[in-house]
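>
Residue numbers (the UniProt record's numbering): 1 to 720.
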């Protein structure tokens, strides 16, 4: 039998194999067979043009309504403009001296597939550099009635992919089915090779449904087996028991708190305190709204660990955020963080910041504090998990904004424990996660949520500023910023891009070739504001490419009120706490995802004065993009927005194709539509792993867990 790992070249030939590799990153038989059709069209069914998004590479089935040839004036040759329709809307295609084989085929009334990138020209939708497959009348009996439409690329349209799949299936002799026969029968599943054939060359919708059911189950059970194995391995490791101690630094800290913890903070705090006393490692996810008080919950847990004679570490995704955490923890602890210093409290510990850019002397001292145990709490970036960093007795790790860290990095921290045990781990995220995502992505972690905001937090008003329809509103935006400054407050202006040299920090790449301008950049907007609508105000810039000392100095200046307006990229997205900042203007807000907009918005309204967030966008009313922005403006409930975010964005990216640098293997499973199947797969996987630890007796199932979804992917959640 063939293996899914076999190369495509012996089957398809070098030319086709190379084309699939270059255009779609498909190299093996398994890659191609799991490159499932995105949808199917029946013969004569036309594609809805209204649903097309600018910048998207699409394949549509449409009918030609007009063919016009023009002699070009400026250069030699002709331009042929072809108009196609879905029966409701129209779309144009232009061919410059390149009709070739299409010349005789492009006739009014003909139907076919048209593939290309959606752009805008003269305010009309256009397909750029299209490829065409016209359906000839004599093909009616030969072509599939259910035509698969594949995720395609410019040099590899859907019909070429379809031809490659057909060629492969003609010679493919199947593969071993990893699902045991009794499990297949119990769940009414078709064999794997039959499902793969049916998904690519179906005879009807019933067959497609049965194939999808089997292939979705494979993905669901693979994820849940990987997570069940991970939970099993974690539970088998020893961990340092860190019971609560009476009269220690935690009690001293609680006695000084100037406010009362919310009921949610108290409840989650008790759960974590109990976890920390266990001799098996805690692996808990703490999710909560922006400003729900996760940091103080984490600090109280760290103090419990310090009381037990061990150390705690906090990882932050950026140096700006690490420094911010260190400052805020230091402020909360006061003299409780000044062990060995004049004026330090009796039960005090020491808090140390360790980042890659520290001056040599400071870094040497921070390393010594961690290694000797002098520092009970160590805050830092990924620098904490470098080999040269050692801890005296690491008992607890807090990972802030966990989706920025891979499991390999997290595991590297685990090895820092002195006696070979694994420290307890608390993962914090300010991006609320729908239950179905948590069940799949964070399935190896226990989950806690903080739903209520601490008393004293001010409301945030959010408004969309549609500058394409109402350009005069932009002037009012800057007037509102001036009003906030005049009232003694401060403001953020957030842009998607740094500047020409920082294109990689864009939320998405420039799309000049399809009619959209480049996203606005910090280095362009800041001088424009300083010379124009915000002239006379104290304006500073902040972005990820600045030297660490400059970033830190800028944040300190803004926090102390020396800067009126901070023009920044998303480096201010998490953890930055300036209570006096009351206004945020997000430029090109449509270039950010729902969760990211919610995170950014959480930077204002952190004091006694109400917050204002203005989403400036050229997105037109009625578009999906505008609906997204309107949704963010309509609610402050991050859990509701998280559900919306999942509905809007492509679920294939949920398990971290972007973050892990690898292709996502969830091609078929929908975290929204298949919640029931995911829950069932979780129960089955746990039962299988309990009965057969390590799945030693089920090599097929173990291979599914290892190849269809690796454990690293189960550690990621993508921001929009």
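By construction, the Cβ of each residue, glycine as well, lies at the ideal position given by its N, Cα and C atoms.
This one's a predicted model, so the numbers in the text were calculated from it and none came from an experiment.
(1) If I measure Cβ to Cβ from residue 87 and keep anything under 8 Å in the same chain, skipping five residues before and after, which residues do I get?
(2) Beta-carbon within less than 8 Å of residue 565's beta-carbon, same chain only, minus the 5 sequence neighbours each way: which residues are those?
(3) Going by DSSP, name the residue or residues bridged to residue 377.
(4) Quickly, what does DSSP pair residue 613 with across the bridge? List them, please.
(5) With DSSP run on the structure shown, which of helix, strand or coil describes residue 54?
(6) Specify the secondary structure class of residue 105 as computed by DSSP and reduced to three states.
(7) Quick check: what's the CA-CA separation for residue 422 versus residue 166?
(8) Leaving out five residues before and five after residue 733 in sequence, what residues of the same chain have Cβ atoms less than 7 Å from its Cβ?
(9) Tell me residue 94's beta-bridge partners as DSSP assigns them.
(10) My output table needs one value for residue 346: the three-state DSSP class, helix, strand or coil.
(11) Quick one: any contact between the stretch 605-613 and the stretch 358-378, if contact means 3 or more CB pairs under 8 Å?
(12) For residue 117, which of 107, 132 and 696 has the nearest alpha-carbon?
(13) Could you give the residue range of the beta strand (DSSP E) that holds residue 283?
(14) Consult DSSP for residue 130 and reduce its assignment to one of helix, strand or coil.
(15) Nearest to residue 19 by CA position, among 111, 346 and 164, is which residue?
(16) In this structure, does DSSP put residue 27 in helix, strand or coil?
(17) Would the stretch 223-236 and the stretch 318-335 be scored as touching if the rule is three or more Cβ pairs under 8 Å?
(18) Rounded to the nearest angstrom, what separates residue 134 and residue 60 at their Cα positions?
(19) Pairs of beta-carbons, one from the stretch 205-224 and one from the stretch 674-689, closer than 8 Å: are there three or more?
(20) Could you name the residues of the same chain whose beta carbon sits closer than 6 Å to that of residue 183, not counting the 5 residues immediately before and after it, in chain order?
(21) Quick check on the DSSP output: the beta strand (DSSP E) that includes residue 395 runs from which residue to which?
(22) Residue 143: buried (16+ other C-beta within 10 angstroms of its C-beta) or exposed?
(23) Could you check how far apart the C-beta atoms of residue 34 and residue 151 are, in whole angstroms? I think they sit under 8 Å.
(24) Which residue or residues does DSSP assign as beta-bridge partners of residue 59?
(25) Considering only residues of the same chain and omitting the five flanking positions on each side of residue 130, which have a CB-CB separation below 7 Å?
(26) Exposed or buried, residue 292, counting other C-beta atoms within 10 Å across all chains shown (16 or more means buried)?
(27) For the beta strand (DSSP E) containing residue 595, name the first residue and the last one.
(28) Should residue 582 be labelled buried (16 or more other beta-carbon atoms within 10 Å of its own) or exposed?
(29) How is residue 121 classed by DSSP in three states: helix, strand or coil?
(30) Out of 169, 193, 171 and 170, state which residue places its alpha-carbon closest to the alpha-carbon of residue 179.
Put simply:
(1) The sequence position of residue 87 within the chain shown is 87, counting from 1. So the list reads 46 and 63, once near-sequence residues are dropped.
(2) What you label residue 565 is simply residue 565 of the chain shown in a count that begins at 1. Same-chain partners within the cutoff: 481, 485, 490, 491, 492, 493, 529, 534, 537, 538, 539 and 540.
(3) Here the question's residue 377 lines up with position 377 in the chain shown. Paired residue(s): 312 and 351.
(4) The residue you call residue 613 lines up with position 613 of the chain shown. Paired residue(s): 462 and 584.
(5) Working through the chain shown from its first residue, we reach residue 54 at position 54. Judged by DSSP in its simplified three-state form, residue 54 adopts coil rather than helix or strand.
(6) Taking the chain shown and counting its residues from 1, the one referred to as residue 105 is at position 105. In the structure shown, residue 105 sits in coil (DSSP, three-state: anything other than H, G, I, E or B).
(7) Indexing the chain shown from 1 puts residue 422 at position 422. Indexing the chain shown from 1 puts residue 166 at position 166. In this model, residue 422 and residue 166 are separated by some 51 Å (Cα to Cα).
(8) Because the chain in this structure spans residues 1 to 720, residue 733 falls outside the shown range and cannot be described.
(9) Residue mapping note: residue 94 aligns to position 94 of the chain shown, counting from 1. DSSP, once it has assigned bridges, lists 81 as partnering residue 94.
(10) Residue mapping note: residue 346 aligns to position 346 of the chain shown, counting from 1. The answer is coil: DSSP assigns residue 346 none of H, G, I, E or B.
(11) With the cut-off at 8 Å, the stretch 605-613 and the stretch 358-378 do not touch.
(12) The residue you call residue 117 lines up with position 117 of the chain shown. Nearest option by C-alpha distance: 132.
(13) Counting from one through the chain shown, the residue named residue 283 turns up at place 283. Its beta strand (DSSP E) spans residues 283-288.
(14) Position 130 of the chain shown, counted from the start, is the residue given in the question as residue 130. Look at residue 130 here: in three-state DSSP terms it is strand.
(15) Here residue 19 refers to the residue found at position 19 of the chain shown. Nearest C-alpha to residue 19: 164.
(16) The residue you call residue 27 lines up with position 27 of the chain shown. If DSSP states are grouped into helix, strand and coil, residue 27 belongs with coil.
(17) The stretch 223-236, when compared against the stretch 318-335, does not touch it at the 8 Å Cβ threshold.
(18) Here residue 134 refers to the residue found at position 134 when the chain shown is read from its first residue. Here residue 60 refers to the residue found at position 60 when the chain shown is read from its first residue. If you take the alpha carbons of residue 134 and residue 60, they lie about 12 Å apart.
(19) Contact between the stretch 205-224 and the stretch 674-689 is established, with three or more Cβ pairs separated by less than 8 Å.
(20) In the chain shown, residue 183 corresponds to position 183, counting from 1. None.
(21) If you number the chain shown from 1, residue 395 lands on position 395. Counting along the chain, the beta strand (DSSP E) containing residue 395 begins and ends at 394-400.
(22) For the purposes of this step, residue 143 is taken as the residue at position 143 of the chain shown. Residue placement at residue 143 is poorly supported in this model, since its pLDDT is 49, which falls under 50; the coordinates still yield a value, given next. When all chains shown are included, residue 143 counts as exposed.
(23) Taking the first residue of the chain shown as position 1, residue 34 is located at position 34. Taking the first residue of the chain shown as position 1, residue 151 is located at position 151. That pair is no contact at about 11 Å.
(24) Translated into the one-based positions of the chain shown, residue 59 becomes position 59. For residue 59, the beta-bridge partners assigned by DSSP are 115.
(25) The count along the chain shown starts at 1 and reaches residue 130 at position 130. Answer for residue 130: 93, 114, 115 and 116, listed in chain order.
(26) As a position in the chain shown, residue 292 is number 292, starting the count at 1. Residue 292 comes out buried.
(27) Here residue 595 is taken as the residue at index 595 of the chain shown, counted from 1. From DSSP, residue 595 is part of no beta strand (DSSP E) but of the alpha helix (DSSP H) over 594-601.
(28) Translated into positions along the chain shown, residue 582 becomes position 582. Residue 582 is buried by the Cβ-count criterion.
(29) Within the chain shown, the letter at position 121 stands for residue 121. Residue 121 falls in the strand class under three-state DSSP.
(30) Locating residue 179 in the chain shown gives position 179, counting from the first residue. Checked all of 169, 193, 171 and 170; the closest Cα to residue 179 is 193.
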